[in-house]
Each structure stands twice: as structure tokens, then as C-alpha cells.
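Chemist: Just passing along the structure, written as C-alpha cells.
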Amino acid sequence: MEETDLSIRHDDLLTRYTSDRIARHQTMPDGVRLIAANQLTLDIRFLDPHLVRVSYHVPDMPPPPLSYATTSGTEPFSAPEVVVRQSAKHIAASGGPLNVVVEKESGKIRMENAEGGVLQDDRDGFLGIHSMCRGVTRVEIDRRMGPDEYYFGLGDKAGQLQLRGQKFENWNTDAYAYGIGSDPLYRSIPFYCGLSEAGAWGMFIDNSYRTTFDFGTEEADSLRISAAGGEMVYYFIFGEDLCAVARRYALLTGLPDLPPIWALGYHQCRWSYFPDDRVREVASQFRALSIPCDAIYLDIDYMDEYRCFTWDQDRFPDPAGLVSELRADGFRTVVMIDPGIKQESGYSIYKDGLEKDVFCRRPDGSLMVGPVWPGPCVFPDYTNPDVRQWWGRLYRQLYLETGISGFWNDMNEPAVFRLSSMTFPDDVMHHFEGQLVHHARVHNVYGMQMTRATTEGLLALDPERRPFVLTRASFSGGLRYAAVWTGDNISTWEHLAIANRQCQRLSISGFSFCGSDIGGFVDRPEPELFVRWVQLGAFHPLFRTHSMGNHASGAEAVDEESLLTAQADDRMDQEPWAFGEPWTAYAKAAIELRYQLLGYLYSAFREYVTSGQPILTPLSFFDSADPDCLLREREFLCGPDLLVSPVLNPGERQQAVYFPRGRWYDFHTGAAVSGQGFKRVEAPIEAIPLYIRAGAVLPLWPVRQHTAEPAEELTLRICYAKGSQQSAWYEDAGEGFAYQKGGCLENRMTQTGYSGAVELSWHRKGVWKSNWKRIRLQFVGLPFQPRRLRIDGKYVLIEETATGWEALLETGVFSRCLLE
Ligand code: MIG
127 MEETDLSIRH DDLLTRYTSD RIARHQTMPD GVRLIAANQL TLDIRFLDPH
177 LVRVSYHVPD MPPPPLSYAT TSGTEPFSAP EVVVRQSAKH IAASGGPLNV
227 VVEKESGKIR MENAEGGVLQ DDRDGFLGIH SMCRGVTRVE IDRRMGPDEY
277 YFGLGDKAGQ LQLRGQKFEN WNTDAYAYGI GSDPLYRSIP FYCGLSEAGA
327 WGMFIDNSYR TTFDFGTEEA DSLRISAAGG EMVYYFIFGE DLCAVARRYA
377 LLTGLPDLPP IWALGYHQCR WSYFPDDRVR EVASQFRALS IPCDAIYLDI
427 DYMDEYRCFT WDQDRFPDPA GLVSELRADG FRTVVMIDPG IKQESGYSIY
477 KDGLEKDVFC RRPDGSLMVG PVWPGPCVFP DYTNPDVRQW WGRLYRQLYL
527 ETGISGFWND MNEPAVFRLS SMTFPDDVMH HFEGQLVHHA RVHNVYGMQM
577 TRATTEGLLA LDPERRPFVL TRASFSGGLR YAAVWTGDNI STWEHLAIAN
627 RQCQRLSISG FSFCGSDIGG FVDRPEPELF VRWVQLGAFH PLFRTHSMGN
677 HASGAEAVDE ESLLTAQADD RMDQEPWAFG EPWTAYAKAA IELRYQLLGY
727 LYSAFREYVT SGQPILTPLS FFDSADPDCL LREREFLCGP DLLVSPVLNP
777 GERQQAVYFP RGRWYDFHTG AAVSGQGFKR VEAPIEAIPL YIRAGAVLPL
827 WPVRQHTAEP AEELTLRICY AKGSQQSAWY EDAGEGFAYQ KGGCLENRMT
877 QTGYSGAVEL SWHRKGVWKS NWKRIRLQFV GLPFQPRRLR IDGKYVLIEE
927 TATGWEALLE TGVFSRCLLE
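Each residue of the sequence shown is one higher than the one before, starting from 127 at the first, in this note's numbering.
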């Protein structure tokens, strides 16, 4: 608004930019640039026939700076030849399966499929507010919500899976003891999927400022995304189905390397195990009870008064000795490292950091100092590549000399005590790869950049070892650097259901390597809750029990004496044996099942890091054409072939399971069930309701106490289905990077079911030699009475069992097998 009276003054001068009439346009090889009458520029550029980047540019603002979320350039994609067409009313850019149509009069955008079906369109479209004093203070996009559309995603939100009718905020927050309605939480993942009549699609808003997503709470037909600054850059993804959308999003934001196989084993954690004898005691109890376990964690109390990269000499006089003792017994040690560095002149890391100027500063040049565990702390600026390198090198001793296998980066929202904002003030400055920006832009990516520094540092220290890093805070793309856990949950049945939802939605939001604190972090679960939680956790890629125990009133609440002499109940222990029998046996069985499924899970992981396919998929992502699937929250798929229906209520020994389309076999009994529909099933406390898809060949590994134990017998559970179906599983050394150069084994098995026979053919590709000495074949669901089994021309004995038929092959792998 131009005022003519220049004597009137204002605190600030705001300019509003909204979608406006298109004044001119310019065709580009991969899209089109549109310039509106109000000078707002709109770029529409295809990265792939299914993927388009839309960015608004407000006049007088610098172009969008770098994105930490997307990988360099457009690597996994190839831009199509984009056709730009103009009619009297529209300008349309077509990438093939996806068209972007802009209305000339309003500048509003509509996304269409190839047939012209509307996937999604602007309601109010774009709004940007530019302040003379503060730059861009708001960028917003308002899209139309159709009455029959469904929305999923946004990472770790705790409420129902379906996003409609809810409002969310993305601002990484230390959300201790959060609940269903708590928001924001620890991570910001500005990506969601939609399902319209015309198809499945996704939106990724590449903006790291504080952002709100309103799925129709203010106006029923409005889906409004509003960020407190920065640029409006979004990617619109079209998919053949919801999984295809999730895969393209994952490719856009990058994929991690395979984790070391031990990282998929069972992990035991607590705040905190100390002193060293307590750690030994826990470890030896696992072995004494033959409960498998691959990792033990040391929480902050291992440090010398919370100084990162130090040890408390009294509690841990010989860290390397302890770690190697544990290692000899098959345990990896994972330790916590926080971003807060104690501000103390005698502390070498503080001193070194000051000299190298690695810590975040305020605009006046003073250090950003905030209280965390060690008292006043300073914080490395991980948006500076030199600082990331400096940080990465700090792990040298722990990683290369002490023998620590993995690192747990906590408090990296970043969390600050005592301030009600719980974090840095907005004006803290960050390097941001040389562009110098305020914390408001960096806040949501701070944790992600911390884990980047950690992971890149570990890779530099030991290029042959696969790093394992676990983080609390993250942002889209952060999955490249670290696994995530869902933070400080509570030992209640409701939180078991929350964990089930959070891991499903993290997984479809790119973060498949996720898990919850099994049993709950705050408080102590009743034994039945603990068992049900271990049973669910066995299907989460990160399988870790953690709790704060009786640490509730801070570090001083627990001293060494009482830790060593107290009873499990006073200590609020949460190890698999902490509740006595029969619970120990149930927890043990769930952990053993996990170890049997490790090869299957590892294969699903391989698929994830290759194609982006989520490891966990809600039923809506399995069959979005089935209206019942769209609203189911409890059942989910783990990998391609396992249907899991966790028990989420106390005392429940039967439950109604929704079986999606197809035929399923009860994992425990072999009984067949046909989808689609509900069926009441037995849900004894001993085991989780679990089903295998008909036609699948499920690889099962032997139960081992840890993943470094040799495995000699491979079981293949063949689940009969009429016709041909292929299963794939993957093997490699479980460590190192030889797999990236062919040092792996891709197994493909085709199961063909006839009315009186079943045939298997097994193809292997790759140079990795697996160690299987014996192969056990288990046939489930045969519609005929088998008489003979022929493997590569030889007859093999077959026997009837409680769940089907079984044969043991002493000769290892084979090519063809016929059972008739
Ligand atoms: O302020 O390191 O979420 O898992 O045990 C609490 C102590 C700091 C928060 C983490 C939790 C961890 C705890 N940490």
C-alpha cells in the first residue's frame, strides 16, 4: 500500500505477496518460470516425470540458499522433456504422468495426472509477508482439502495416523514425557502424502523454519502450511501408489548406507548403567539366561561430570578394558554424546573449540551460553564444515582406541535448560556453509547437522566400518546420518499404541531406522505391558529397551552403592528379566523371534537403502483401494511379507485383526486366513499375532546370543500360494562396505504352487559366500498331501510337523526343488 503522506511513520512496513495474475512466462528445458503482476516469481521445474519442484520468489529477497534436506543435485532422478502449453486461461507444464496447470488470472496451481484428474490444487495459494525490518516473516501455501482425501506422514507425531482435522507444528523440542496431544516433538519432517480420487501424491516443504501444518482445523477445505520465514519451496511427488510416493520422497532426501548387522540386534539401555561392575553384571545376566543381546548403552553418567568425550575415572577406571571384555562376550558398547560442551577453562575440548572458534555466537559476538547437564555450556556450530570436521575428530579416542562401536547423540534439538523456550534464542548466528543466518533458520536442522558431523567423522576415522549413530532430533534427510528413537515416552498402554503409530509414520516419512524406548522411559511398566512392548519392538528396526529408572529426580538420586545393592524394584529395572517369571520367558521368546527374523529384516533394510521402500508400512500403504485399510492403525507390514498386529491392551488374549487382501498364514500355527476382513484371533501372552503372506519364502536365521555368533542353519519357510511368486533376501558380511562393490548375495526364490505340487527355484547373484551348512525347508499351507521331495534331482526325506511339512538338507544351497 503506497501512502502519499510521508510524515506517517510505522514500526515496520509489511508487504504482502499473494498468488497473482501471471504477467509473463519463460519456458525452461525442465519447466517454466512465471512472473506475476505483483513481481512474485514462480518456478516450476521437473526433477523427474513424477516429481516437480515449485518455488516462489519474493522480490528483493536473495534466492533460496542451500538445502540440507535434499541430496546434491537431482542425482537419482532424470528430468523429462517438459512440454509447456498455453491456452486462453492456463499455462501448463507437463512432465508426462504429472502436469502442473497454472491459472493465468489468479496464478493458482493445480496438479493433475496424465488424464487430467486433479490430484491437488491451490485454494488461496501462496502468501508471503515481507517486513522491511525483519525480511520475510511468513511464507504460506493454502491448498484445497477434498472431502474424500486422506493424508499421512509428518514423521513422529503422536496422534492418529490420519492427519485430517489435526494441526501440527514443526519445531524440534525436548518433549519429555510427551503424550498424544503434545506437539511439537523432537523431529521436523515437513513431508506428507495424500490420497485423492485421482491418485497418490506427496508434498515436501523444504523449509526449516518453525512451520505449522493445518489439516482443516480452521477451515474444513483448507490445508495450510505456514512457515515463519525463509522461502516457499516445495516438491510435489506423484506416485503409482502411496509406497511409490514414499520411495520418491526418500530418494529425494537421500538414503543411508546399510547399518552394521549388530545394530539390528537387541539393544539394552538405561539411564544409566554405572559403575563398570554394574555393566558387567547386566551383560553377564543376558548370557546366563541366554537372552540374545548385541549392544549395551552408557548414558551420560559414564562421563566425568557430563563433559563429553571424558570418562568418570571412579566409575570407569579402565574403559578400554571393559569395552573389550564386553566385546569378547558379543556386546557392542554405545555411548552418549551431547552437543553441550561444558564452559570451563580447564576442559580441553572447550579450550580447543574456543581457539578454533567452533561455538555458536550471538550477534554481538559473545558466545551462546546455555545451561544443560554440565552447567553452563557452549554449542558447536555444526552448520560450519570446519566445525563438523573438528567434531568428527573428537571421536578418535572413543572409536579407535577405547573400542566404542556406536554413538547416541541426545539433546540436539538443541535443548537448553531453564529457558521457557527450551532452546537457543532466535538471534544466535550460524555459519550455514558460509551464508551466516539466524538460529530461526537452523534450529530444525541443528540436530541433523550434529549427526552428520558425527557420522562423517566416524567414516573418516575408520572408512571400513559402518557407523552406528542414534539421534533424538532430526530433519528431513537426517536419516542419512542416524537412526532415531521416539524420545521420552511413558510406561503406559497408551504409549505402546503411540509407539506403534510413531514408528509406522516415521517409516513412511523416510525414517525407517526407528524405534521407541521399549517399556517406556518415564515410570516402570507393569510386566504384561513390558512383554507386549518387547513383542512390538521386535518388529521395529531399532530394537532397544531404555528407561530412566529411578533417575527421576536427577543424577544425584542414584549413587553407586544403591545401584549395586538395590533390588530390581527399587531400581525400577527394565531388563528382560526384571519382572521375574513367567515374564522373562515371554520377553526372551520375543527377542529370540527377532534374531530369527534378522535376515529378513536386513533384507528389508537393503531394499530401503536401495529403493527407499519403507520397512514398516501402515495398511493404508499396503492397499489404499481398501477403505478399511485407510483407517487402520494397529496392523502394519514389516518388510514385504509379514503382517503384524500388536496387542495394545492389558488382559487382551484375543483380538480382532484386520487382514488386508490376499491370503495369510499364522506364523505360529501355520493356519491360513483369507483377507479382506476382520477376524478374531487368539492372542496369548506368549506371542504377538503375526502372519506371513501366502507365496512368500521367509528366511529364518537360527537364534543366536549375538550377531557375531556363527549361524549355520538357514530355515526357509515356504508359504504355499497358487501360481508364481518371487521372494528376495539379501546377505553380506554385515559390516564394511564391500557390499557396495558386489560383495553381497542377492537371493531370489520363485515359489510356484500347483494343485498337487509346489516348486521352488533359487537364483543367487553376487560374490558373498554365506556360511549355511544346512538348510531346513518348512512348507506351510499345502493344499495336498505331499509324497516326495526332490531337490536338484535327489530325493530328500520329508516329515510332517505341527505346522506343516519339513525337510533338512545337509548339503546347503540348491537350485530347484519339487514337492509333490
Ligand atoms: O535431559 O541422558 O531422551 O533417553 O536417558 C535428559 C539422559 C537427557 C534425554 C534422553 C534420554 C536420556 C536422558 N536424556
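Positions of the beta carbon are idealized from the N, C-alpha and C atoms, including for glycine.
Should G380 and G603 be called a contact, given that it needs their Cβ atoms to be closer than 8 Å?
Modeler: Along the sequence shown, one-based indexing puts residue 380 at 254. Along the sequence shown, one-based indexing puts residue 603 at 477. Yes, the pair counts as a contact, with Cβ atoms nearer than the cut-off.
Chemist: Considering only heavy atoms of the ligand MIG, does any lie closer than 7 Å to the CB of R441?
Modeler: Here residue 441 refers to the residue found at position 315 of the sequence shown. No, the Cβ of R441 stays beyond 7 Å of every heavy atom of the ligand MIG.
Chemist: Taking the alpha carbon of Y361 as the point to measure from, which residue in Y428, T436, C486 and M237 has its own alpha carbon closest?
Modeler: Here residue 361 refers to the residue found at position 235 of the sequence shown. Nearest C-alpha to Y361 among Y428, T436, C486 and M237: M237.
Chemist: Using only the alpha-carbon positions, how far apart do A681 and D427 sit?
Modeler: Here residue 681 corresponds to residue number 555 of the sequence shown, with the count starting at 1. Here residue 427 corresponds to residue number 301 of the sequence shown, with the count starting at 1. Confidence at A681 is low in this model, with a pLDDT of 45, below 50, so the placement of that residue should be treated as unreliable; the coordinate-derived value is given next. The straight-line gap from Cα to Cα measures roughly 8 Å.
Chemist: Give a yes or no on contact between the stretch 226–236 and the stretch 281–292, applying the rule of three or more CB pairs nearer than 8 Å.
Modeler: The stretch 226–236 vs the stretch 281–292: no contact.
Chemist: If you measure from the CB of G391, is any heavy atom of the ligand MIG nearer than 7 Å?
Modeler: As a first step, residue 391 is located in the sequence shown; it is residue number 265 there, counting from the start. Relative to the ligand MIG, the beta carbon of G391 is positioned no closer than 7 Å to any heavy atom.
Chemist: Secondary structure at K477, three-state DSSP: helix, strand or coil?
Modeler: For this step, residue 477 is matched to residue 351 along the sequence shown. In the structure shown, K477 sits in a helix (DSSP, three-state: H, G or I).
Chemist: Looking at the ligand MIG, does it come within less than 7 Å of F647, judged from the CB to the closest heavy atom?
Modeler: Translated into the one-based positions of the sequence shown, residue 647 becomes position 521. Because some heavy atom of the ligand MIG lies under 7 Å away, the Cβ of F647 counts as near it: yes.
Chemist: Going by the DSSP bridge assignment, what does A353 pair with across the sheet?
Modeler: For this step, residue 353 is matched to residue 227 along the sequence shown. Partner(s): V265 and T337.
Chemist: Regarding G613 and the ligand MIG, is the C-beta to nearest heavy atom distance less than 7 Å?
Modeler: Your numbering for residue 613 matches position 487 in the sequence shown. Result yes, Cβ under 7 Å from the ligand MIG.
Chemist: Beta carbon of H136: closer than 7 Å to some heavy atom of the ligand MIG?
Modeler: Numbered from its first residue, the sequence shown carries residue 136 at position 10. H136: no, Cβ never under 7 Å from the ligand MIG.
Chemist: Could you tell me whether any non-hydrogen atom of the ligand MIG is closer than 7 Å to the CB of R433?
Modeler: Here residue 433 is taken as the residue at index 307 of the sequence shown, counted from 1. Incorrect: R433 has no Cβ contact closer than 7 Å to the ligand MIG.
Chemist: Terminal residues of the continuous beta strand (DSSP E) containing G328?
Modeler: Walking along the sequence shown from the start, residue 328 turns up at place 202. Segment G325 to I331, the beta strand (DSSP E) holding G328.
Chemist: Of the residues R374, I170, R913 and R890, which one's Cα is nearest the Cα of Q882?
Modeler: Taking the first residue of the sequence shown as 1, we reach residue 882 at position 756. Per the sequence presented here, residue 882 reads as Gly, with Gln not at that position. Measuring from the Cα of G882, the nearest candidate turns out to be R913.
Chemist: Note down the Cα distance separating A683 from N676, rounded to an integer number of angstroms.
Modeler: As a position in the sequence shown, residue 683 is number 557, starting the count at 1. As a position in the sequence shown, residue 676 is number 550, starting the count at 1. Per-residue confidence for A683 stands at a pLDDT of 48, beneath the threshold of 50, marking its modelled position as unreliable; the derived number appears in the next sentence. For A683 and N676, the gap between their C-alpha atoms comes out near 7 Å.
Chemist: DSSP state of C319, grouped into three classes?
Modeler: For the purposes of this step, residue 319 is taken as residue 193 along the sequence shown, with counting starting at 1. C319 falls in the strand class under three-state DSSP.
Chemist: If you measure from the CB of V621, is any heavy atom of the ligand MIG nearer than 7 Å?
Modeler: Translated into the one-based positions of the sequence shown, residue 621 becomes position 495. What sits at residue 621 in the sequence shown is His, not Val. No.
Chemist: Can you tell me whether P310 is buried or exposed? The criterion is at least 16 other CB atoms within 10 Å of its CB, across all chains shown.
Modeler: Locating residue 310 in the sequence shown gives position 184, where the first residue counts as 1. The residue in question, P310, is buried, as its Cβ has 16 or more Cβ neighbours within 10 Å.
Chemist: Report yes if the C-beta of T536 is less than 7 Å from at least one heavy atom of the ligand MIG; otherwise report no.
Modeler: Translated into the one-based positions of the sequence shown, residue 536 becomes position 410. Contrary to the premise, residue 536 reads as Asp rather than Thr in this sequence. Yes, the Cβ of D536 comes within 7 Å of a heavy atom of the ligand MIG.
Chemist: Measuring only from the beta carbon, is I426 closer than 7 Å to any heavy atom that is part of the ligand MIG?
Modeler: Looking up residue 426 in the sequence shown gives position 300. Checking every heavy atom of the ligand MIG against the Cβ of I426, one is found closer than 7 Å.
Chemist: Rounded C-beta distance between F639 and L668? I'm assuming under 8 Å.
Modeler: Position 513 of the sequence shown holds residue 639. Position 542 of the sequence shown holds residue 668. 6 Å between Cβ atoms; contact.
Chemist: With a threshold of 7 Å on Cβ separation, who are the neighbours of T795 within its own chain once the five nearest residues in sequence on each side are excluded?
Modeler: Taking the first residue of the sequence shown as position 1, residue 795 is located at position 669. Taking C-beta separations shorter than 7 Å and ignoring five residues to either side along the sequence, the partners of T795 in its chain run T929, following chain order.
Chemist: Quick one: does the C-beta of H672 sit closer than 7 Å to a heavy atom of the ligand MIG?
Modeler: In the sequence shown, residue 672 corresponds to position 546, counting from 1. Because some heavy atom of the ligand MIG lies under 7 Å away, the Cβ of H672 counts as near it: yes.
Chemist: Rounded to whole angstroms, what's the CA-CA distance from L160 to K230? Just pull it up for me.
Modeler: As a first step, residue 160 must be located in the sequence shown, where it is residue number 34. As a first step, residue 230 must be located in the sequence shown, where it is residue number 104. Their Cα atoms are separated by approximately 10 Å.
Chemist: Distance, Cα to Cα, S941 vs L816?
Modeler: Working through the sequence shown from its first residue, we reach residue 941 at position 815. Working through the sequence shown from its first residue, we reach residue 816 at position 690. Those two C-alpha atoms are separated by around 29 Å.
Chemist: What are the boundary residues of the beta strand (DSSP E) that P506 is part of?
Modeler: Along the sequence shown, one-based indexing puts residue 506 at 380. Segment: none, P506 is in no beta strand (DSSP E) and carries neither H nor E.
Chemist: Measure how close the beta-carbons of T196 and D332 come, nearest whole angstrom, since I'm counting them as under 8 Å.
Modeler: Residue mapping note: residue 196 aligns to position 70 of the sequence shown, counting from 1. Residue mapping note: residue 332 aligns to position 206 of the sequence shown, counting from 1. With a beta-carbon spacing of about 7 Å, T196 and D332 fall inside the 8 Å limit used to define contacts.
Chemist: Should E761 be labelled buried (16 or more other beta-carbon atoms within 10 Å of its own) or exposed?
Modeler: Indexing the sequence shown from 1 puts residue 761 at position 635. When all chains shown are included, E761 counts as buried.
Chemist: Taking the C-alpha atoms as reference points, what is the distance between S679 and D553?
Modeler: In the sequence shown, the residue the question calls residue 679 occupies position 553. In the sequence shown, the residue the question calls residue 553 occupies position 427. For S679, the pLDDT reaches just 43, beneath the cut-off of 50, and the residue's location in the model is therefore unreliable, leaving the point undetermined.
Chemist: W827: which of G491, G821, E839 and E835 sits nearest, CA to CA?
Modeler: To locate residue 827, count along the sequence shown from 1; it is residue 701. Among G491, G821, E839 and E835, the Cα nearest to that of W827 is on E839.
Chemist: If we ignore side chains and look at the alpha-carbon of each, how far apart do Q700 and E654 end up?
Modeler: The sequence position of residue 700 within the sequence shown is 574, counting from 1. The sequence position of residue 654 within the sequence shown is 528, counting from 1. Spanning the two alpha carbons is a distance of roughly 12 Å.
Chemist: Where does V939 fall in DSSP's three states?
Modeler: Indexing the sequence shown from 1 puts residue 939 at position 813. Coil.
Chemist: For M462, verify whether its CB is less than 7 Å away from any heavy atom of the ligand MIG.
Modeler: Here residue 462 corresponds to residue number 336 of the sequence shown, with the count starting at 1. Using a cutoff of 7 Å, the CB of M462 counts as near the ligand MIG, since one of the ligand's heavy atoms is closer than that.
Chemist: Within 7 Å: the Cβ of W709 and any heavy atom of the ligand MIG?
Modeler: Start at 1 with the first residue of the sequence shown, and residue 709 comes out as number 583. W709: no, Cβ never under 7 Å from the ligand MIG.
Chemist: A579: which of D614, M548 and F533 sits nearest, CA to CA?
Modeler: Position 453 of the sequence shown holds residue 579. Residue F533 is the option with its Cα nearest to A579.
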